[in-house]
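Report on the structure given below.
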Amino acid sequence: MPGWVGYALLPVLNLVAAFVLSGLVILVIGENPVDVLSLLLSEALGYPEAIGYTLYYTTDYIFTGLAVAIAFHCGLFNIGGEGQAYLGGLGAGLVALALTGWPWPVVALLAVLASALFGAAWAFIPAWLQAKRGSHIVITTIMFNFIAASIMTWLLVDVLIRPGSQSPETREFDPGVWLPSMDRALGWFGIAIPASPLNLSFLWALACCALFHIFLRRTRWGYELRTVGRNERAAVYAGISPARNIIIAMLISGALAGFVGVNEILGVQHRVILNFTGGVGFVGIAVALMGRNHPVGIILAALLFGVLAQGGGQLSFEYPTINRELVMVIQGLVILFAGAMENLFKPQVEALFRRRGGTAAAETGRG
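Take any residue in the sequence shown, note its place counting from 1, add 800, and you have its number in the numbering used here.
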């Protein structure tokens, strides 16, 4: 079966199946699926401000999708992206709070490093437990999500809370250290676009995709990591340490998830708040699965979920019967077909290509 079938055709078939089923759900509640889909796309991609919001959501999904994908390549299932993103935001926030009055490029660079360090540190403990003690990475990363949430609640309620505030949040950062929004950055070059939460971290997300590919396909470390993921026994026979590569993969995974904090905390919220991740760590699992753990596929899958997040959030204003929960059902169906049922159509497609191959061989033999 050609490689493009697994990387392109099967994900498209899964996506079509998810939207067909979503359309049936919308039809059952009495709305026209075509009209709803048209409005969803219009509110996500139909005008510049909507595109800005869509790409803002896409940025988070790229980071968490890459985080899950790098672990997948080493044979690991990192479900701790939510907690790692949470701690990454804490790292970025502490830098911004400490460096009041500093130029934003310096703060942005240090915030990127801090978010990577905090996210990687939070991934290190599950990685070490898996590599050295045989603990299951899925269990430990899930539990560390809850621990991260508890730590953040304690810090924001009892330690970092703005004096006199009733809300669990830090003081607002000095405006001089904010990560510039995309409309402000393009304004430096005389390009005017509507204001939106989209900021320069989107460019960093795209750069991470390129670095991801270079690391995996062009370096010895990436080769060793992929070897461990494909056959651990063969890796040991070749002198490659599975334990070392498990830890390396999880450190990179945690760092990538931590970059969500740069986008959210330094680029949008401008303070550390509770629950700023909003489930992006879990959506990243579906993004990586749908994108087949390839950076280009992850960008496209992240864009799809960005469209669903932005366009879906606007549907309830036009269709009162379609609430946020129904949009989550649509997202859930996409995740279901992209993840748990990703091989639903694979046997039929493989059989089709086998029949075509057999027919072509028979015709060649007769000729």
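Backbone N, C-alpha and C define an ideal beta-carbon position, used for all residues, glycine too.
By the neighbour-count criterion, in which a residue is buried when 16 or more other Cβ atoms sit within 10 angstroms of its Cβ, Gly1022 is buried. Following the DSSP letters along the chain, one finds Gly883 inside the alpha helix (DSSP H) bounded by residues Gly881 to Ala898.
In this structure Ala1010 is exposed. Its beta-carbon is surrounded by fewer than 16 other beta-carbon atoms within 10 angstroms.
One alpha carbon belongs to Ile826, the other to Leu813, and they sit about 20 Å apart. Beta-bridge analysis with DSSP links Glu969 to Ile1073.
Looking only at Trp954, Asn878, Pro980 and Ser935, the smallest Cα-Cα distance to Ala908 is reached by Pro980. Taking 8 Å as the cut-off, the beta carbon of Tyr853 is found closer than this to the beta carbon of Pro997. The straight-line gap separating the alpha-carbon atoms of Leu1103 and Gly1112 is approximately 13 Å. Distance from the CA atom of Phe863 to the CA atom of Leu917, rounded to whole angstroms, is 15 Å. No residue range can be given for Ile1122, since it is assigned to no alpha helix (DSSP H) and is classified by DSSP as neither H nor E.
When the Cα atoms are used, Thr940 and Pro926 turn out to be separated by approximately 6 Å. Trp904 is classed as buried because its beta carbon has at least 16 other beta carbons within 10 Å across all chains shown. Taking C-beta separations shorter than 8 Å and ignoring five residues to either side along the sequence, the partners of Thr953 in its chain run Pro968 and Leu1074, following chain order. Here Asn832 carries a coil assignment [DSSP, helix/strand/coil].
Secondary structure of Ser1041 (DSSP, three-state): coil. The C-alpha of Ile1130 lies about 45 Å from the C-alpha of Gly901. Assigned with DSSP and collapsed to three states, Ser822 falls in helix.
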